[in-house]
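Q:
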Amino acid sequence: MRKVFAILALLVLMAATCQAQQKIRKSVFGANAGVSIPLGEFALKTFTYDAGFAAPGPNLGAEYLYYGKIFGFSSSIGYASFFFNGKAYQSEYDRTLGGYGINDVSAGNYQMIKFLAGFTLKIPEIKHTEVMLLFHLGYAACIHPDLRVTNSEYGVINSIAKTNNGNLVADAGLKINYWLTKRYGVSIKGSVSTTEPSFSDPAGPNGYFDMLMNHASVNVGFIMNLKISSL
28 MRKVFAILAL LVLMAATCQA QQKIRKSVFG ANAGVSIPLG EFALKTFTYD
78 AGFAAPGPNL GAEYLYYGKI FGFSSSIGYA SFFFNGKAYQ SEYDRTLGGY
128 GINDVSAGNY QMIKFLAGFT LKIPEIKHTE VMLLFHLGYA ACIHPDLRVT
178 NSEYGVINSI AKTNNGNLVA DAGLKINYWL TKRYGVSIKG SVSTTEPSFS
228 DPAGPNGYFD MLMNHASVNV GFIMNLKISS L
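Now the structure itself:
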């Protein structure tokens with residue numbers, strides 16, 4: 028009889044422990060850095076509609092995640108800078124003008140700040156490793172660089188002042204966390220984002236132009252568990 032009670036007590040203890048573990052939630056802060064890579068029209072290097080002549084550039088980000096065994100919520104803020112491919116832009120003017128005169132291009136960088144929030148799906152932690160999918164929506168504040176093209180014979184042949192605008196942004200990513208201790212770990216993340224802001228162009232036919240700024244990002248960083256279980 029005592030053995031029966033002992034077995035029942037053990038089963039109850041195991042069930043209670045399992046239930047408690049299922050209720051454990053992680054509250055995680057992360058910071059990361061990496062590279063952002065323009066995609067599609069944003070990266071085009073020929074004179075076609077909406078060609079962005081953007082090149083890869085650095086990014087920084089911070090995030091907060093709150094999740095359980097499978098489902099959770101997350102938010103982030105990130106900054107990215109995309110270099111303007113001035114050499115490719117100048118080559119297109121050289122080609123268009125047939126080598127007439129000497130062309131010179133001066134330009135700044137594209138810049139973007141993203142504010143994102145959404146949900147997270149993950150597999151249960153295996154050997155201190157978590158793999159999760161993140162789906163976010165938010166707002167992207169974007170800056171188009173100042174751009175000036177001069178020709179030794181014609182003078183200034185193209186000029187766009189630095190301008191900013193924003194639009195909704197959608198983002199999806201795959202993130203892998205590896206916990207070095209119960210509190211600290213490292214992470215790697217890959218994501219793709221899409222947004223299409225409108226920029227002012229008084230000299231253009233409509234006074235503005237839309238630019239599809241699709242891009243991918245690869246980041247590495249550290250993570251910190253803000254909520255350590257006492258179990």
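Under our numbering, the first residue of the sequence shown carries the number 28, and numbering increases by one thereafter.
Ideal Cβ placement from N, Cα and C applies to all residues, glycine included.
All figures in this text were calculated on a predicted structure; none of them were measured in a lab.
Any contact between the stretch 122-129 and the stretch 95-104? By contact I mean 3 or more CB pairs, one from each, below 8 angstroms.
A: no
Q: To which residues does DSSP link residue 205 through a beta bridge?
A: 156, 213
Q: Answer with buried or exposed for residue 67, where buried requires no fewer than 16 other C-beta atoms within 10 angstroms of its C-beta.
A: exposed
Q: Using only CA atoms, which one of 240, 212, 244, 237 lies nearest to residue 57?
A: 212
Q: Fully enclosed by the stretch 99-161, which beta strand (DSSP E) runs are 3 residues long or longer?
A: 130-134, 137-149
Q: Consult DSSP for residue 79 and reduce its assignment to one of helix, strand or coil.
A: coil
Q: Below 8 angstroms on the Cβ atoms is my contact criterion, and I expect residue 112 with residue 81 to pass it. Report the Cβ-Cβ distance as a whole number of Å.
A: 7 angstroms
Q: Am I right that residue 99 and residue 247 are in contact with their C-beta atoms under 8 angstroms? What's the rounded C-beta distance?
A: The Cβ separation is near 21 angstroms, so there is no contact.
Q: Quick one: using the 10 Å Cβ neighbour count with 16 as the cut-off for buried, is residue 90 buried or exposed?
A: buried
Q: Answer with buried or exposed for residue 203, where buried requires no fewer than 16 other C-beta atoms within 10 angstroms of its C-beta.
A: By the neighbour-count rule (16 or more Cβ atoms within 10 Å), residue 203 is not buried but exposed.
Q: Short of 6 angstroms in beta carbon distance, which residues of its chain neighbour residue 178, apart from the five on each side in sequence? Order them along the chain.
A: 128, 130, 184
Q: With a cut-off of 8 angstroms on the beta carbons, I'd call residue 167 and residue 189 a contact; round off their distance for me.
A: 17 angstroms between Cβ atoms; not a contact.
Q: I'd like the list of long-range same chain contacts for residue 175, defined as Cβ closer than 6 angstroms, with 5 residues on each side in sequence excluded.
A: 133, 186
Q: Residue 243 to residue 161, Cα distance in whole Å?
A: 14 angstroms
Q: Is the separation between the beta-carbon of residue 222 and that of residue 251 shorter than 8 angstroms?
A: no
Q: May I have the straight-line CA-CA distance separating residue 192 from residue 225, to the nearest angstrom?
A: 6 angstroms
Q: Apart from the five residues on each side of it in sequence, which residues of its chain come closer than 7 angstroms, Cβ to Cβ, to residue 253?
A: 54, 55, 56
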